[in-house]
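Enquirer:
Numbering (this note's numbering), first residue to last: 156 to 352.
Structure (structure tokens):
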């Protein structure tokens with residue numbers, strides 16, 4: 156098995172790179188998707204979040220109110236650490252189950268937005284970092300419906316490009332077209348993956 160850690164800041168295009176790697180045959184373990192699953196209604200994860208932050212983080216139908224929770228945790232690093240302490244162990248446990256279920260010769264890509272922040276770089280055979288210029292990221296995030304201020308706050312709450320580069324085996328720059336990005340992913344796969352798995 157070849158385990159690749161994929162990371163990049165919000166708005167960098169990491170999800171697009173993940174999809175391109177899947178097209179090449181990789182199996183994807185998506186930490187963001189798992190993070191949503193572990194706090195679905197009726198889960199111990201949601202109960203733990205409510206215990207930590209109160210009923211105000213729930214919608215009328217009992218689901219997690221993500222904007223309400225984000226307003227609390229992105230405004231206060233201590234509250235964010237509190238949330239991370241609840242959610243990260245659940246995400247890691249589920250990701251480990253999914254990796255263990257993959258075939259022995261699989262190429263497993265773990266999409267981990269907070270790979271650097273959570274100290275997981277050493278857990279992978281290769282770390283692939285996706286980067287994009289700040290203004291490019293801001294445009295993408297605003298197009299997704301975020302305010303510029305919220306986007307800047309999210310970016311500021313994550314590792315810097317320099318911190319990500321320090322743990323990277325390969326850096327892919329996503330300031331151009333999807334075709335240019337696909338060509339970089341193709342090159343990564345050919346040079347670093349093909350024949351190793």
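From the three backbone atoms N, C-alpha and C, an ideal C-beta is built for every residue, glycine too.
#1: Just checking my contact of residue 200 with residue 329 at CB under 8 angstroms: how many whole Å lie between their CB atoms?
#2: Can you tell me whether residue 222 is buried or exposed, with buried defined as 16 or more other CB within 10 angstroms of its CB?
#3: Using a 10 Å radius around the Cβ and a threshold of 16 neighbouring Cβ atoms, would you call residue 177 buried or exposed?
#4: Once the 5 residues before and after residue 339 are set aside, which same chain residues still bring their CB inside 6 angstroms of it?
#5: Secondary structure at residue 200, three-state DSSP: helix, strand or coil?
#6: If we count the other Cβ atoms within 10 Å of its Cβ and call it buried at 16 or more, is residue 292 buried or exposed?
#7: Compute the beta-carbon to beta-carbon distance between residue 161 and residue 266, rounded to the nearest angstrom, for a pair I have assumed lies under 8 angstroms.
#8: Candidates 182, 196, 173, 225: which alpha carbon is nearest residue 217's?
#9: Please list, in chain order, all residues of the same chain as residue 348 whose beta carbon is under 7 angstroms from its beta carbon, the five residues on each side excluded.
#10: Check whether the Cβ atoms of residue 234 and residue 227 lie closer than 7 angstroms to each other.
#11: Between 268, 204, 220, which lies nearest to residue 188 when the distance is taken from Cα to Cα?
#12: Pull up the DSSP beta-bridge partners for residue 277, would you.
#13: What three-state label does DSSP hand residue 320 in the structure shown?
#14: Determine the burial state of residue 323: buried for a count of at least 16 other Cβ atoms within 10 Å of its Cβ, exposed for fewer.
#15: Return the Cβ separation of residue 343 and residue 283 in integer angstroms, given the expectation that the two are a contact with Cβ distance under 8 angstroms.
#16: Quick test of your reading: residue 164 and residue 275, contact by CB under 8 angstroms. State the CB separation rounded to the nearest angstrom.
#17: Can you give me the start and stop residues for the alpha helix (DSSP H) that residue 356 sits inside?
#18: What whole-angstrom Cβ distance do residue 171 and residue 333 have, given they're in contact under 8 angstroms?
#19: Please report the distance separating the alpha-carbon of residue 225 from that of residue 198.
Expert: On the basis of the supplied data:
#1: The beta carbons of residue 200 and residue 329 sit about 31 angstroms from each other, so the pair does not count as a contact at 8 angstroms.
#2: In summary, residue 222 is exposed, with fewer than 16 beta-carbon neighbours lying within 10 Å of its beta-carbon over all protein chains present.
#3: Classification of residue 177: exposed, given that the 10 Å Cβ count is below 16.
#4: If the five residues before and after residue 339 are omitted, its C-beta is found closer than 6 angstroms to the C-beta atoms of 327, all from its own chain and listed in chain order.
#5: Under the three-state reduction of DSSP output, residue 200 falls in the helix class.
#6: Residue 292 is buried by the Cβ-count criterion.
#7: Their Cβ separation, rounded to whole angstroms, is 5 angstroms, which keeps residue 161 and residue 266 in contact under 8 angstroms.
#8: Residue 196 holds the alpha-carbon nearest to the alpha-carbon of residue 217 among 182, 196, 173, 225.
#9: Cβ within range, chain order: 157, 262.
#10: Cβ distance < 7 angstroms, so residue 234 and residue 227 count as in contact.
#11: Ranking the options by Cα distance to residue 188, first place goes to 268.
#12: Looking at the DSSP assignment, residue 277 forms no beta bridge with any residue, so it has no partner.
#13: The answer is helix: DSSP assigns residue 320 an H, G or I state.
#14: With 16 or more other Cβ atoms within 10 Å, it is buried.
#15: Between residue 283 and residue 343 the Cβ distance is about 7 angstroms, and since that is below 8 angstroms, they are a contact.
#16: 16 angstroms between Cβ atoms; not a contact.
#17: In this structure the chain extends from 156 to 352, so residue 356 is not present and cannot be described.
#18: Confirmed, Cβ separation roughly 7 angstroms.
#19: Rounded to the nearest whole angstrom, the C-alpha separation of residue 225 and residue 198 is 19 angstroms.
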